[in-house]
Amino acid sequence: MDKLVIEGGHRLEGEVSVSGAKNAALPLLAASLLAEGTSTFYNVPVLDDVLIMGKLLRHLGCEVEGRRRLRVEAPQRGRETPSAPYELVKTMRASVLVLGPLVARYGRARVSLPGGCAIGARPIDQHLEGLRAMGAEVTLDHGYVDVRAPRLRGAHIVLDIPTVTGCENLMMAATLAEGRTVIENAAREPEIEELASALCAMGARIRGAGTPIIEVEGVSRLEGIEHTIVADRVEAGTFLVAGALTGGDVLVRGAVLGHLDAVVAKLRGAGAEVTPEAEGLRVRARGGFSPVDITTQPYPGFPTDMQAQFMVLAAAARGQSMIKEAIFENRFMHVPELLRMGADIQIDGRVAAVRGGRPLSAAQVMATDLRASACLVLAGLIADGTTEIRRVYHLDRGYEGIEDKLRRAGGRVRRERE
Ligand code: EPZ
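Anchor point for the sequence shown: position 58 equals 60 in our numbering, and the numbering is continuous, going up by one each time.
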């Protein structure tokens with residue numbers, strides 16, 4: 003297993019470039035199951051999660067080749083598709099995204115239930131309720147969910163929660179259903195809009211993606227497309243925080259302001275300067291941050307995927323910050339590691355009170371989940387001394403070559419084999 007070794011106290015200067023968005027790539031790759039012929043995706047991030055999705059699609063009978071430029075050809079309709087096995091799904095929960103496309107195009111899907119993960123139970127009841135509403139027969143047996151429908155029919159679905167992958171699954175399923183589907187209380191993340199535009203390019207008829215009401219008119223077939231994946235807004239946000247924390251001056255190349263309004267507003271509130279430029283967003287800070295109060299919300303609210311990163315900013319700020327994690331029930335796994343680095347954080351249920359201002363001290367720490375790992379990298383960049391982060395395979399799921407990107411901007415970060 004690899005570890006990252008970070009020498010704190012170095013300003014970041016210059017630029018970092020953002021890779022394609024993991025949470026856009028995963029549903030887009032699943033969507034290629036819906037189309038006849040080949041789909042080609044560009045600017046695909048080379049990440050473990052994306053490689054697992056490629057492996058899963060191969061297992062389901064697709065031709066999959068390439069990495070950053072990734073081509074997928076799904077099997078012909080009429081073939082019985084194998085199930086999505088536990089050993090793949092347990093390593094990557096977003097595998098559930100093949101559910102909707104499989105039952106819509108092949109009439110049947112058998113996917114291992116993902117089970118919980120570090121940050122929470124993360125059930126998929128909304129996905130399954132929606133598919134039932136569309137006429138699918140959904141049964142659970144031996145840890146698998148089995149979904150069958152000779153042909154899905156359009157339905158009026160009201161989600162209890164604006165679930166991102168739930169919305170993506172149901173939107174994809176609806177593209178080949180008989181008639182019209184309305185999804186109310188839909189998630190509004192940019193990845194939903196990007197998926198909808200790719201599905202429309204395949205021949206789907208979708209309106210309202212990015213708003214709380216999405217309407218889909220089912221069609222009989224979809225065709226493969228070429229699509230370039232948008233920059234990863236969470237990776238971009240992470241680098242903006244890194245630039246601010248180190249009192250640096252960094253151009254985050256590829257960052258899209260419109261996808262980061264809530265994050266940029268909080269960065270500015272803390273005292274960092276964020277300015278849009280032609281190539282992305284520039285962040286500058288001279289240190290001395292004000293506290294930030296944050297409650298994570300569905301998009302366009304403050305993203306839960308940036309909560310752990312902002313806890314480091316709160317620890318560096320003078321005063322007390324309140325951080326509420328309102329989306330997942332257990333997304334404070336980074337706190338015990340930050341405490342070991344000298345942070346002063348009190349957790350009460352879903353709220354963390356962070357008393358900032360004391361410098362963090364370098365330590366040997368352990369990554370527990372993807373965004374907690376990113377938080378530890380940020381803490382290492384400003385801690386006094388050399389921090390070692392173990393189990394960086396968590397980081398590799400969502401950040402492509404983060405040590406190279408940070409080193410090119412002046413960070414003292416290297417990867418070592420344990
Ligand atoms: C997506 O996960 C993202 N993953 C997550 O990013 C992100 O944190 C999350 O959305 C919230 O923005 C991908 O897009 C691949 P949800 P998802 O369904 O779709 C509950 C990262 O770090 N819920 O919107 O699984 C659920 O338990 C990852 O890149 C139900 O109760 O999240 C959670 O509390 C982590 N029933 C809340 O809704 C359901 O059927 C939001 O979950 C579905 C969800």
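All C-beta atoms in this analysis are idealised placements derived from N, C-alpha and C, irrespective of residue type, glycine included.
Query	Result
Contacts around E180, its chain only, beta-carbon distance under 8 Å, and the 5 residues preceding and following it disregarded	R153, L154, R155, G156 and G220
G11 to E131 span [Cα, whole Å]	51 Å
8 Å Cβ cutoff met for L28 and V52	yes
Rounded separation between S222 and A76 - CA only	16 Å
Endpoints, the alpha helix (DSSP H) within which M313 is located	Q309 to A318
Any non-hydrogen atom of the ligand EPZ within 7 Å of P125 CB	yes
G122: CB within 7 Å of a non-hydrogen atom of the ligand EPZ	yes
heavy atom of the ligand EPZ below 7 Å from D398 C-beta	no
One or two residues paired with I185 in a DSSP bridge	I159 and I216
Segment limits, alpha helix (DSSP H) that includes Q366	First-last for Q366: Q366 to M368, but that is the beta strand (DSSP E), not the alpha helix (DSSP H).
Alpha-carbon spacing of A206 relative to A106, whole angstroms	13 Å
Whole-angstrom distance between M308 and R360, CA atom to CA atom	22 Å
Given L30 as reference, the closest of I347, L262, D371 and E196 once Cα atoms are compared	E196
Residues sharing a beta bridge with M173, DSSP	For M173, which the question treats as bridged, DSSP gives no partner whatsoever.
Start-to-end residues for the alpha helix (DSSP H) that takes in S375	L372 to I384
C-alpha gap between G358 and M313, whole angstroms	10 Å
Endpoints, beta strand (DSSP E) assigned at E75	L72 to E75
Which of helix, strand or coil DSSP assigns to H396	helix
Spatial neighbours of P302 in its chain, beta-carbon cut-off 8 Å, leaving aside the 5 residues before and after	R190, D263 and A264
Within the stretch 121 to 151, ranges of the alpha helix (DSSP H) (whole runs, at least 4 residues)	127 to 135
Residue burial classification, M204 (beta-carbon count within 10 angstroms, cutoff 16)	buried
Rounded separation between T40 and G122 - CA only	36 Å
Residues near L201 in its chain [Cβ-Cβ closer than 8 Å; skip 5 each side]	A33, L36, M173, M174, T177, I208 and L224
Exposed unless 16 or more other CB atoms sit within 10 angstroms - verdict on M94	buried
Contact check, I296 vs K268, beta carbons under 8 Å	yes
Whether A385 touches A411 by CB criterion (8 Å)	no
G245 and G273 closer than 8 Å at C-beta	no
Classification of L253 by the beta-carbon crowding that lies within 10 angstroms, buried from 16 upward	buried
Rounded distance between the beta-carbons of L242 and V285, thought under 8 Å	5 Å
Delimiting residues of the beta strand (DSSP E) encompassing M324	G321 to K326
Buried versus exposed, by CB contacts within 10 Å (16 or more), M3	exposed
heavy atom of the ligand EPZ below 7 Å from R373 C-beta	yes
Candidates E331, A310, F330 and R255: closest to E323 by CA position	The question names Glu, yet the displayed sequence has Ser at residue 323. Nearest option by C-alpha distance: A310.
Beta-carbon gap between V100 and R69 smaller than 8 Å	no
Counterpart residues of Y44 in DSSP-defined beta bridges	T230
Opening and closing residue of the beta strand (DSSP E) in which D346 lies	D346 to D350
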